[in-house]
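A.B. asks: Line by line, the protein sequences give chains X and Y.
Quick note on the working numbering: the first sequence kicks off at 111 and runs consecutively.
Quick note on the working numbering: the second sequence kicks off at 386 and runs consecutively.
If you scroll down you'll find the structure; I have some questions about it.
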Amino acid sequence: GAVVSQHPSWVICKSGTSVKIECRSLDFQATTMFWYRQFPKQSLMLMATSNEGSKATYEQGVEKDKFLINHASLTLSTLTVTSAHPEDSSFYICSAIPGLNTEAFFGQGTRLTVV
Amino acid sequence: GDSVTQMEGPVTLSEEAFLTINCTYTATGYPSLFWYVQYPGEGLQLLLKATKADDKGSNKGFEATYRKETTSFHLEKGSVQVSDSAVYFCALLPKAAGNKLTFGGGTRVLVKP
């Protein structure tokens, strides 16, 4: 199947700093990418939908100024957690789809710990 | 709105036991249905899918049948292995534009040797 690569797999940062997470579709062009957050032992919570070349659409309750999403090309989307705080510590997962009504392919996730 | 309900875990069973994870959904129209598996510390992997009523998805010994009449997509495996220990997510994808998956809460499965 198609491969989505997420980087880094884990990151530890100091409170107040910013962290960038990359999501790449390696063998297909992704018209849409999605960013999720997952708390321990819980399901995935959709944060935002990212379409190449346009602004991301954020779900209700997600701070767009805190979670900056850029989808500069058909194979790369980035999530930047700005001014991170300990409560932002979580597992972040991206997914990408090659076209409408197609299955989603997921990255391996990024474990963010803010100290 | 669309929703997916799956049985709460954890489900603990012995190797070679039969596994069933119930999943029911609420959606307008006829969505595509998926089962994803998540191993510790990893993202999600597609396990199987079904795109229309009565379709049966199967992979790695797992099966699930799209039942329109009961709005269900239960996951089954006849003989589990320790390596099947993971969290399993049922999800639906509506046919309408948007491509947003709706996930169930996940079911943790622990297989003991």
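Where a beta carbon is used, it is the ideal one built from N, C-alpha and C, also for glycine.
Fair warning: this is a prediction, and the values are worked out from it, not measured in the lab.
Report buried or exposed for glutamine 423/Y, applying the criterion of at least 16 other Cβ atoms within 10 angstroms of its Cβ.
C.D. replies: That one is buried.
A.B. asks: What is the C-beta distance between tyrosine 202/X and leucine 189/X, in whole angstroms, given that I count them as a contact (C-beta under 8 Å)?
C.D. replies: Between leucine 189/X and tyrosine 202/X the Cβ distance is about 6 Å, and since that is below 8 Å, they are a contact.
A.B. asks: Could you give the first and the last residue of the continuous beta strand (DSSP E) run that contains methionine 155/X?
C.D. replies: From DSSP, the beta strand (DSSP E) with methionine 155/X extends over 154-161.
A.B. asks: Using CA atoms only, rank isn't needed, just tell me which of Pro479/Y, Trp420/Y, Glu400/Y, Arg493/Y is closest to leucine 210/X.
C.D. replies: The candidate whose alpha carbon is nearest that of leucine 210/X is Pro479/Y.
A.B. asks: Using a Cβ-Cβ distance cut-off of 8 Å, determine whether glutamine 218/X contacts chain Y.
C.D. replies: By this cut-off, glutamine 218/X is an interface position.
A.B. asks: Give the interface partners of glutamine 116/X over in chain Y, defined as CB-CB distance under 9 Å, in chain order.
C.D. replies: Those are Gly428, listed as they occur along chain Y.
A.B. asks: Leaving out five residues on either side along the sequence, give the residues of the same chain with a beta carbon under 6 Å from the beta carbon of serine 160/X.
C.D. replies: Met143, Ala166, Ile179, His181, Ser187, listed in sequence order.
A.B. asks: Around the C-beta of glutamine 466/Y, are 16 or more other C-beta atoms found within 10 angstroms, so that it is buried, or is it exposed?
C.D. replies: Glutamine 466/Y is exposed by the Cβ-count criterion.
A.B. asks: Check whether the Cβ of isoleucine 122/X lies closer than 8 Å to any Cβ atom in chain Y.
C.D. replies: With 8 Å as the cut-off, isoleucine 122/X does not count as an interface residue toward chain Y.
A.B. asks: Starting from the C-beta of aspartate 198/X, find all residues in its chain whose C-beta is less than 7 Å away, skip the five residues before and the five after it, and write them out in chain order.
C.D. replies: If we look at aspartate 198/X and ignore the five residues flanking it on each side, its Cβ neighbours are Val191, Leu222, Val224.
A.B. asks: Figure out for me which residue from Ala476/Y, Leu486/Y, Val496/Y has the closest Cα to the Cα of alanine 449/Y.
C.D. replies: It is Ala476/Y whose Cα lies nearest to the Cα of alanine 449/Y.
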